[in-house]
Amino acid sequence: MELANSLFPNCMICGSKSKFLVLKDGFKHNICMNDKCLFIFVVPVPSNLDKVYSSYPNVCIDDLPIRQFHAGIKMNKNISFSINLINSFKIESVLDIGSRNGNFLLAMKKIGRVKSAIGIEPNTSAWQYCKGLGLDVRHGFFSKEIVSNQKFDLINMADVIEHVTNPRLFIRQATQLLNQNGLILIRTPNLSSYWSKITYKLSIVLRLPWSSLTPPEHIYNFSKNNLTNFLESESLEIQSIYFEPPNLLYELGQLHLIKQYRKERSLGRAFKFLVGFSAYTLVFVFLKLLQPILQENFSQTILVKRVSDSQY
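Here the sequence shown is numbered in my numbering, starting from 17 and rising by one per residue.
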């Protein structure tokens, strides 16, 4: 019975049983058997993630060099949306969990209303990079103690929740750091998007790795429904949701076709490389054309607020 539970653990969100779905890069992924949940997660959870994130080369520095735009921040949807929040809700203190190259914090520091902008980053190279920019970034994994239990008006966690070993504890600790009427902004892939659904079918037909899964970094893979259900179960109210398309180059890289071709320069590998890249590009263009009418997309960003009578 213990072996069965370890191979097919219950879903973290709804408690339903799970079953094997797919193997990616040597990591087994299970899927919740509840049709209304369909949460996908790595089994078992990798045990060496502290080493992965503390020293993995460039795991968090994958954008253009920051020093090129000290005068002008490299804007993205996450930053522009946060700036609107700050102006609308009179936000003065911001915590950025997973600061990567410091771009978000640099933008926050330029807003006169923000009096405190603190970041947390486990990757040593990224942390040193941020410190070199004069940013207040703490080195390590997120905990209440690492920021001395300081309270914040806005907590940003862009592309973070899918990485943590215990999302429920992670969200609870973050919620405890919110000021009254504080907000949490969460960005993570959406595996109920048409992009993920279609590329999953392609992975079966063309015998390709499913690009939506990126173990061991991504442990828990959410959809819109199971993420909102999860957050609401933690006494958080959904304020808004917006979606963004996938990064095609990143998705193509997750197919590992270039890596395979370099190892074995054969006609078969070259053909698979051509077919895989062509199929993905066609799907990307097709969904791009349909984007104005699609209700969901691959990247989801959810703004939540603590329920007023929550225990926190």
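Using N, Cα and C, we set each Cβ at its ideal position, and we do this for glycine too.
Going by DSSP in three states, residue i sits in which element: helix, strand or coil?
i: Thr297; result: helix
i: Glu312; result: coil
i: Ser141; result: helix
i: Val323; result: coil
i: Ile162; result: helix
i: Lys33; result: coil
i: Ser98; result: helix
i: Gly135; result: strand
i: Leu193; result: coil
i: Glu253; result: strand
i: Arg184; result: helix
i: Val38; result: strand
i: Lys93; result: helix
i: Phe157; result: coil
i: Ser109; result: strand
i: Gly362; result: Beyond the ends of the chain as shown, which are 17 and 328, falls residue 362; an answer cannot be given.
i: Asn103; result: helix
i: Leu24; result: A small correction: the amino acid at residue 24 is Phe; Leu does not occupy that position in the sequence shown. Phe24 falls in the coil class under three-state DSSP.
i: Met124; result: helix
Have a look at the options and flag the residue whose alpha-carbon is nearest the alpha-carbon of residue i.
i: Lys254; options: Asn242, Gly31 and Thr181; result: First, the amino acid is wrong: residue 254 is Ile here, not Lys. With distances taken between Cα atoms, Ile254 lies closest to Asn242.
i: Lys167; options: Asn197, Arg203, Leu122 and Phe186; result: Asn197
i: Tyr210; options: Val180, Asn103, Lys304 and Ser324; result: Lys304
i: Asn26; options: Phe57, Ala174 and Lys40; result: Phe57
i: Leu265; options: Leu273, Tyr258 and Thr204; result: Leu273
i: Ser249; options: Arg322, Gly292 and Leu194; result: Arg322
i: Pro225; options: Val38, Leu149 and Ile257; result: Val38
i: Lys131; options: Leu122, Asn139 and Glu137; result: Leu122
i: Asn165; options: Asn195, Leu151 and His179; result: Asn195
i: Arg116; options: Ser98, Phe105, His179 and Gly135; result: Gly135
i: Leu193; options: Gln307, Ser98, Lys160 and Leu101; result: Lys160
i: Leu222; options: Phe158, Ser294, Pro261 and Cys146; result: Ser294
i: Phe24; options: Asn46, Pro62 and Asp41; result: Asn46
i: Val301; options: Phe97, Pro261 and Ser98; result: Pro261
Comparing the CB of residue i with every heavy atom of the ligand ADP, is any distance shorter than 6 Å?
i: Asn64; result: Inclusion of the ligand ADP in the displayed structure is not the case, the ligand content being empty and no account of it being possible.
Kindly list the residues whose CB is nearer than 8 Å to the CB of residue i, restricted to its own chain and excluding five residues on each side of it in sequence; keep chain order.
i: Cys30; result: Cys48, Asn50, Lys52, Cys53, Phe55, Asn242 and Asn245
i: Asn182; result: none
i: Tyr296; result: Thr215, Leu218, Ser227, Leu264, Glu267, Leu268 and Leu271
i: Phe289; result: Leu273, Ile274, Gln276 and Tyr277
i: Leu247; result: Ile187, Ile202, Ile254, Ile318 and Val320
Considering only the beta carbon of each residue, do residue i and residue j sit closer than 7 Å?
i: Ile220; j: Val176; result: no
i: Phe314; j: Asn206; result: yes
i: Phe43; j: Pro231; result: yes
i: Ile126; j: Ala133; result: Contrary to the premise, residue 126 reads as Lys rather than Ile in this sequence. No, these two residues do not count as a Cβ contact at 7 Å.
i: Ser208; j: Ser239; result: yes
i: Leu151; j: Gly128; result: no
i: Glu178; j: Thr204; result: yes
i: Phe259; j: Gln189; result: no
i: Lys40; j: Leu229; result: yes
Might you give, ordered along the chain, the residues of its own chain that have their beta carbon closer than 6 Å to the beta carbon of residue i, omitting 5 neighbours on each side?
i: Leu170; result: Ile107, Val110 and Leu199
i: His155; result: Trp143
i: Val299; result: Ile214
i: Ala174; result: Asn94 and Arg203
i: Tyr69; result: Pro138 and Asn139
i: Gly141; result: The identity of residue 141 in the sequence shown is Ser, whereas the question assumes Gly. Cβ within range, chain order: n/a, list empty.
i: Arg83; result: Confidence at Arg83 is low in this model, with a pLDDT of 43, below 50, so its placement is unreliable and no value can be given for it.
Tell me which residues share the same chain as residue i and place their Cβ nearer than 7 Å to its Cβ, disregarding the 5 neighbours each side in the sequence.
i: Ser32; result: Asn26, Cys48, Met49, Asn50 and Cys53
i: Leu319; result: Leu199, Leu201, Gln255 and Ser256
i: Phe157; result: Pro138
Continuous alpha helix (DSSP H) assignments of at least 4 residues falling wholly in the region 214-250:
Here the runs fully enclosed are 240-249.
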